[in-house]
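Since the structure comes first, as structure tokens, the remarks are kept for the end.
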Amino acid sequence: MIKCNWEKMVIPPAVRPERVTNFLKPYVLKMHFTNKFVSAQVIHTPTATVASSASSQEQALRLSMEKARESTRDVAAAGKIGKILGERLLLKGIPAVSIFLKREQKYHGKVKAVIDSVREAGVKLV
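Residues in the sequence shown are numbered from 1 upward in steps of one, following full-length UniProt numbering.
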């Protein structure tokens with residue numbers, strides 16, 4: 001009988017060839033909106049890992065919004081998520097990010113709120 005110990009197994013992150021990473025922007029902001037929550041994350045493209053993220057599903061933020069009787073899915077929540085993400089990026093030493101919008105996303109509403117609040121936090125948008 002073969003025993004597998006899955007807890008000790010480490011999977012390294014994907015590494016792209018150098019010829020590809022020369023043309024990639026290092027940090028990309030991606031946003032996701034559902035009917036209940038707003039989330040945004042910054043991805044380090046050469047290693048394909050998440051550098052920082054913020055979501056209205058986080059327990060501390062969610063509890064504070066529920067106490068104030070605020071929604072976790074509207075434009076105001078998107079603005080708070082962007083502000084938190086911007087502060088986290090500056091703490092990690094990431095001064096600039098580029099934006100990746102899906103085909104159906106336009107610079108309006110929740111998308112605009114996230115982008116503007118990240119910019120107001122002091123992060124440059126490339």
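Glycine included, each C-beta is placed from N, C-alpha and C at the ideal position.
Roughly how many angstroms separate the alpha carbons of S56 and L29, rounded to a whole number?
-> Here residue 56 refers to the residue found at position 56 when the sequence shown is read from its first residue. Here residue 29 refers to the residue found at position 29 when the sequence shown is read from its first residue. Cα to Cα, the separation comes out at about 16 Å.
If you measure from the beta carbon of T49 to each beta carbon in chain B, is any gap under 8 Å?
-> Within the model displayed, chain B is absent; a lone protein chain is all it includes.
Where does Q57 sit, in a helix, a strand or coil, going by DSSP?
-> Residue numbering aside, residue 57 sits at position 57 when the sequence shown is read from its first letter. Note: Q57 maps to coil in three-state DSSP.
With a threshold of 16 other CB atoms inside 10 Å of the CB of K36, please say whether the residue is buried or exposed.
-> As a first step, residue 36 is located in the sequence shown; it is residue number 36 there, counting from the start. Classification of K36: exposed, given that the 10 Å Cβ count is below 16.
Assign F33 to buried or exposed, taking buried as 16 or more other Cβ atoms, counted over all protein chains shown, within 10 Å of its Cβ.
-> Numbered from its first residue, the sequence shown carries residue 33 at position 33. It counts as buried.
Going by the beta-carbon positions, is the gap between V123 and P95 smaller than 8 Å?
-> As a working mapping, residue 123 is identified with position 123 in the sequence shown. As a working mapping, residue 95 is identified with position 95 in the sequence shown. Going by C-beta atoms, V123 is nearer than 8 Å to P95.
Can you grab the Cα-Cα spacing for the pair E66 / K102, in whole Å?
-> Mapped onto the sequence shown, residue 66 falls at position 66. Mapped onto the sequence shown, residue 102 falls at position 102. Going by the C-alpha atoms only, they are around 29 Å apart.
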